[in-house]
Amino acid sequence: MQNRVLIVEDTSSLSMVYEAVLTRAGHLVNCAASLAEARAACAAMPPRLVLLDLQLPDGDGLDLLDELHRDAPECRVVVITANGSINRAVEAMRAGAFDFLVKPFDESRLIKAVDNAIATLEPFPPEEERDAPETFEGFIGRSAPMQEIYRMVRAIGRSTATVFITGESGTGKEVCARAIHAVSTRARKPFVPLNCAAIPRDLLESEVFGHLKGAFTGALSDKPGAAAVADGGTLFLDEICEMDLSLQTKLLRFLQTSTIQPVGAARPIPVDVRIVCATNRDPAEEVRQGRFREDLYYRLHVVPIHMPPLRQRPEDVVDIARAVLVEYAAEEGKAFVALDPRVEGLFAARPWPGNVRQLLNVIRNIVVLHDGAVVLPDMLPPEVFVGAEDRPAAAPAAGWTAPPAPVVSARNHVAALVGTPLAEVERELIEATIEHCDGSIPRAARMLELSPSTIYRKLESWAAAAQRRAGE
Ligand SMILES: Nc1ncnc2c1ncn2[C@@H]1O[C@H](COP(=O)(O)OP(=O)(O)OP(=O)(O)O)[C@@H](O)[C@H]1O
Ligand SMILES: [Mg+2]
Numbered sequence: 339m340q341n342r343v344l345i346v347e348d349t350s351s352l353s354m355v356y357e358a359v360l361t362r363a364g365h366l367v368n369c370a371a372s373l374a375e376a377r378a379a380c381a382a383m384p385p386r387l388v389l390l391d392l393q394l395p396d397g398d399g400l401d402l403l404d405e406l407h408r409d410a411p412e413c414r415v416v417v418i419t420a421n422g423s424i425n426r427a428v429e430a431m432r433a434g435a436f437d438f439l440v441k442p443f444d445e446s447r448l449i450k451a452v453d454n455a456i457a458t459l460e461p462f463p464p465e466e467e468r469d470a471p472e473t474f475e476g477f478i479g480r481s482a483p484m485q486e487i488y489r490m491v492r493a494i495g496r497s498t499a500t501v502f503i504t505g506e507s508g509t510g511k512e513v514c515a516r517a518i519h520a521v522s523t524r525a526r527k528p529f530v531p532l533n534c535a536a537i538p539r540d541l542l543e544s545e546v547f548g549h550l551k552g553a554f555t556g557a558l559s560d561k562p563g564a565a566a567v568a569d570g571g572t573l574f575l576d577e578i579c580e581m582d583l584s585l586q587t588k589l590l591r592f593l594q595t596s597t598i599q600p601v602g603a604a605r606p607i608p609v610d611v612r613i614v615c616a617t618n619r620d621p622a623e624e625v626r627q628g629r630f631r632e633d634l635y636y637r638l639h640v641v642p643i644h645m646p647p648l649r650q651r652p653e654d655v656v657d658i659a660r661a662v663l664v665e666y667a668a669e670e671g672k673a674f675v676a677l678d679p680r681v682e683g684l685f686a687a688r689p690w691p692g693n694v695r696q697l698l699n700v701i702r703n704i705v706v707l708h709d710g711a712v713v714l715p716d717m718l719p720p721e722v723f724v725g726a727e728d729r730p731a732a733a734p735a736a737g738w739t740a741p742p743a744p745v746v747s748a749r750n751h752v753a754a755l756v757g758t759p760l761a762e763v764e765r766e767l768i769e770a771t772i773e774h775c776d777g778s779i780p781r782a783a784r785m786l787e788l789s790p791s792t793i794y795r796k797l798e799s800w801a802a803a804a805q806r807r808a809g810e
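In C-alpha cells:
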C-alpha cells in the first residue's frame, strides 16, 4: 500500500520535480498549486503527508498548516521555505510542522524528509483489518455488491467451470472476464476475446474454430481460430446472444467434446479452454424466444455472475470518478486533482443508465473541455443534471435495458397536484424546467426567475438526500 502525498507548490516546474522524485520513491502523489486546491484535495482524499510551500498565490501556507493540525492531526506536514526566511520555518515548526526544507534542496534531502515523517506514522493496518478493497483486478469500487463480485471471481479462478456474465451495458462485464482470467491458474496463457456481435455471421465460425487453406473462397492459408489460440487459457465470447443458431450447435459440440473442427478439416483437434461468456440481454428471455438454444444455455450457465448496475452502488461512483479523474488529467495534461463535494453528491445520486462507461465518458468530457484543479458543478455536462438522457446508451444489443428514468410527473395540471407536498412539486418543476432547457441551469434559472446558485444548491441537497437514502 502506498502513502498518499500532497504537494502544495505554485511553481509548476518545482512541483513537477518533487512529484517525479516522490513518485519514483514509491509514493502516490497529488499536486495542488494554491490553498484552495490543497483544501479540495485534502477533503477529497486525506493525504498522509503534505509537502507545503508557504508562499501561495491565495494566502499563507501556515493557514493550511493550522487547519491540518486541527482537522487531520495524523497528517504530517513538511514545510518548504525560501532561503533567507528561516524564521518562517521556525514559525511553521511551532505551528506543528514535522520538518522543513530550505530551497534549494536536493533529491536525497527531499526523500529523507518525507521518509522520516512517514516513519513516525502508524503503519498501515494489516490486510484483513483494512476496509474492503477499493480496487480489484481492473475494478474500482468498495461497495458490498462489488465485494461479492470480487469474492466470486477469486473463487471461480480456481475452477475451470464456464462462467456466464450478465449485466447492463457498461457495468464491467469485460473487466470481469479479464479479472477471472487474471486470477486463474491460466493467467500465463492467452486471454482471447471474441465479440460475437462485431463479426459478420458467416465469418464467425472460422473466427472461433479456424479454417484450412481453400476451405472457402478467400481462405488463402490455414488460420487457427480463437479457440485454438486460447488453448490453455480463456476464451471470452462476448455478446454471446448474437451468435446464430447453427453456430450455437457447433459451440455446444465443442463444449461437450473439448475438440474443435476447423472449417475444411477432416478431424477434430483437442483443445483445453475455459469459456467465459457475456451478454447484456436477458439470456432466459432469449431462450424463451427461441433465439438461444436451451441446452447450450444450461451448458454455459454453470457459474452465473450478474454485474450490478452503477445506480445500485452510489459509493463506487465517487471512487471511480476520483480515480479516473486523476488518470485522465495526466493523459490530457490537465491539473485536475479533485471533485468538488457538490459534484460528488450529484454523481452519487444519478441513475447512470450507461453505467461505468457513461461515467467515464462524463469525466473525459470534463477533463478535455475544462481547466482547473477541482471539478466544479458548472463544468458538468447537462446529462448529469437531467433525466433527459437517462436512457441506456445505444448498444448493438441493448435488449436488456435499465428501468425507465424517473418520470417528471407533476407538470401539467395544478389540480392534479393537490395533496402533493410543496417541496416535491418544487423539485418536479425545477427538474422539468432544466430538462426543457436541455440541461442548461442558467437558462432554467432565468425561466424560473431564480439564481443559478439556488438551483445548484437544491440539486445538491436532493443529491445528498438520495445518497443518504442509498446509504440507509
Ligand atoms: N468497476 C469498475 N472500475 C473501473 N472501471 C470500470 C469498472 N467497470 C467498468 N469499468 C470500465 O468501464 C468501461 C465499460 O466496461 P466493460 O467494457 O467491461 O462493460 P460491459 O459490461 O462489457 O459493457 P457492454 O455490455 O456495453 O459491452 C470500460 O472502460 C471499463 O474499463
Ligand atoms: Mg462488453
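Numbering (the working numbering), first residue to last: 339 to 810. Just so you know, even glycine gets a beta-carbon here, dropped at the ideal spot from N, CA and C. None of the values given here were measured: they were computed from a predicted structure.
- The beta carbon of Ala410 is closer than 6 Å to those of Pro384 in its chain, skipping five residues each way along the sequence.
- Nearest neighbour of His365 by Cα position, chosen from Val452, Val440, Gly570, turns out to be Val452.
- Residue nearest to Ile456 within the set Arg386, Glu429, Pro442, Ala667 is Arg386 (criterion: CA-CA distance).
- For Asp576, the shortest C-beta to heavy atom distance toward ligand 2 is below 7 Å.
- Apart from the 5 residues on each side of it in sequence, Lys796 sits with its Cβ closer than 7 Å to the Cβ of Ile768 in its chain, given in chain order.
- Asp391 is bridged by DSSP to Ile418.
- Around the C-beta of Met581, 16 or more other C-beta atoms lie within 10 Å, and the residue is accordingly described as buried.
- Taken through DSSP and simplified to helix, strand or coil, His519 comes out as helix.
- DSSP places Leu344 inside the beta strand (DSSP E), whose first and last residues are 342 to 346.
- The DSSP assignment places complete alpha helix (DSSP H) segments of no fewer than 4 residues inside the stretch 559 to 605 at 564 to 567, 583 to 595, in order along the chain.
- If one requires a minimum length of 4 residues, the alpha helix (DSSP H) runs lying completely within the stretch 431 to 460 are 445 to 457, in chain order.
- In terms of Cα proximity to Ile478, the closest of Leu392, Met490, Pro442, Thr509 is Thr509.
- Around the Cβ of Met354, a 10 Å sphere holds fewer than 16 other Cβ atoms; the residue is exposed.
- Annotation: Gly570 to Val609 spans about 8 Å, alpha carbon to alpha carbon.
- Straight through space, the alpha carbons of Thr597 and Arg612 are spaced by roughly 13 Å.
- Pro759 sits in coil when the DSSP states are folded into three classes, being neither helix nor strand.
- By the Cβ neighbour-count rule, Asp678 is buried, with 16 or more other Cβ atoms within 10 Å of its own.
- Check the Cα spacing between Pro647 and each of Asp398, Arg492, Gly397, Ser507: the tightest is with Ser507.
- Asp576 and Asp540 have their C-alpha atoms spaced approximately 17 Å apart.
- Leu373 is a Cβ neighbour of Leu394, given a cutoff of 8 Å.
- Relative to the Cα of His519, the nearest Cα in the group Ser481, Thr572, Glu347 belongs to Thr572.
- Distances taken from the Cβ of Ala616 to the heavy atoms of ligand 2 include one shorter than 7 Å.
- C-alpha of Leu593 to C-alpha of Thr523: approximately 20 Å in a straight line.
- Taking the Cα positions, Ser423 is about 17 Å away from Glu347.
- The residue from Lys551, Ala564, Lys511, Ile607 with its alpha-carbon nearest to that of Ile537 is Ala564.
- No Cβ-Cβ contact shorter than 8 Å links Val513 with Phe574.
- Between the C-alpha atoms of Pro759 and Ser799 there is a straight-line separation of about 17 Å.
- In this structure Val640 is not in contact with Leu684, their Cβ atoms being roughly 41 Å apart against a cut-off of 8 Å.
- Out of Ala603, Ser789, Ile578, His708, the CA that lies nearest to the CA of Leu638 is found in Ile578.
- Under the three-state reduction of DSSP, Asp657 is assigned to helix.
- Along the stretch 485 to 537, the alpha helix (DSSP H) occurs as fully enclosed runs of 4 or more residues at 511 to 521, listed in sequence order.
- If you check the CB distance, Thr504 and Pro642 come in under 8 Å.
- Within the DSSP bridge table, the entry for Thr617 names Thr504 as partners.
- Burial is judged here by how many other beta carbons sit within 10 angstroms of a residue's own beta carbon; Pro461 has fewer than 16 and is exposed.
- CA-CA distance, Leu558 to Gly552, rounds to 6 Å.
- DSSP links Thr473 through a beta bridge to Ile478.
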